[in-house]
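Asker: In the numbering used here, the protein residues as written are 301 to 447. Where is the CB? At the ideal position from N, CA and C, for every residue including glycine. Before we start, here is the structure in question, set down as structure tokens.
Structural data, given as structure tokens:
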């Protein structure tokens, strides 16, 4: 893959993940998603503080991926580091989501699409890792041109 294709992949993947995370963070404030998220956290025995942190965290990760992708030309030196930070936070977030999916006390009917197996969080985690790899690869390719 050439540098331009890497950049497009990073941009589109970041925008997709950003919209996905931001929307699901916002939805967790409204029924029935609010109740479902509360049950997920409670039944997985995570601290109650995980409920507001999870909601705000998802919206922050979404914004952290969307804003740099939308303004990459205006902030070229910040774009890739911001994507790496937001994507790394997303890997952690999806690690927690995977943990929740694997808890036997968490019923399938409160999970996304009612799927008990952690296919969704692991898929999102994979896309976040692709983002990290693409962003780091792009940095390595730009460095020799500077010297």
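1) Using 10 angstroms around the beta-carbon of residue 349, count the other beta-carbons present and answer buried if the total reaches 16, otherwise exposed.
2) Let me confirm a value: residue 345 is counted as buried when at least 16 other C-beta atoms fall within 10 Å, else exposed. Which label applies?
3) Evaluate residue 406 with the Cβ neighbour count: other Cβ atoms within 10 Å of its Cβ, from every protein chain shown; 16 or more gives buried, anything less gives exposed.
4) From this set, 396, 399, 313, which residue's C-alpha is nearest residue 370's C-alpha?
5) Could you spell out where the alpha helix (DSSP H) holding residue 379 opens and where it closes?
6) Pairing CB atoms from the stretch 415–435 with CB atoms from the stretch 381–400, are three or more of them under 8 Å?
7) Under 8 Å, with one C-beta from each stretch per pair, do the stretch 332–340 and the stretch 368–383 reach the 3-pair mark?
8) With distances taken from CA atoms, which of 384, 432, 343, 355 is nearest residue 283?
9) Using the Cα positions of residue 388 and residue 364, report the straight-line distance between them to the nearest angstrom.
10) Leaving out five residues on either side along the sequence, give the residues of the same chain with a beta carbon under 6 Å from the beta carbon of residue 327.
11) Give the DSSP-derived three-state secondary structure of residue 420 in the structure shown.
12) Helix, strand or coil for residue 361? Go by DSSP, reduced to three states.
13) Three-state secondary structure (DSSP) at residue 407?
14) By a C-beta neighbour count over all protein chains shown, 10 Å radius and 16 as the cutoff for buried, is residue 410 buried or exposed?
Answerer: Reading from the atomic positions:
1) exposed
2) exposed
3) buried
4) 313
5) 376–402
6) yes
7) no
8) Since the displayed the chain opens at 301 and closes at 447, residue 283 lies outside it and no answer follows.
9) 11 Å
10) 333
11) helix
12) helix
13) coil
14) buried
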